[in-house]
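> The structure's right below; bear with me while I get my questions together.
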């Protein structure tokens, strides 16, 4: 089957829409990744997932929990900017 890229963001991005219009393998969803539903990806298995949820661990955790059942057997999951850092006070 043909690979696809699904991109989530709560804001509209004209560049993403332009890519979507020119390449049917790219799908832009204007919604939070934390609101993921398997129907968003046509119930396909996920092989690679990258979470970049605006520095909030809660959003990445929620998205991961929702995505978990859709992960393929050898899926790779990467998380960026979780907000897990030490605060000096």
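Residue numbers (the numbering used here): 1 to 89.
Ideal placement from N, C-alpha and C gives every residue a C-beta, glycine not left out.
Determine the extent of the beta strand (DSSP E) in which residue 43 is found, giving its start and end residues.
Run containing residue 43: none; DSSP gives neither H nor E here.
> Determine the burial state of residue 13: buried for a count of at least 16 other Cβ atoms within 10 Å of its Cβ, exposed for fewer.
exposed
> Span of the beta strand (DSSP E) holding residue 74?
71 to 80
> In terms of residue numbering, what span does the alpha helix (DSSP H) encompassing residue 36 cover?
Run containing residue 36: none; DSSP gives neither H nor E here.
> Apart from the five residues just before and just after residue 64, which ones in its own chain have a Cβ nearer than 6 Å to its Cβ?
none
> So, does the region 42 to 53 touch the region 17 to 25, judging by three or more C-beta pairs under 8 Å?
No: the two stretches stay apart, fewer than three of their Cβ pairs being nearer than 8 Å.
> Could you check the C-alpha separation between residue 10 and residue 28 for me, to the nearest Å?
10 Å
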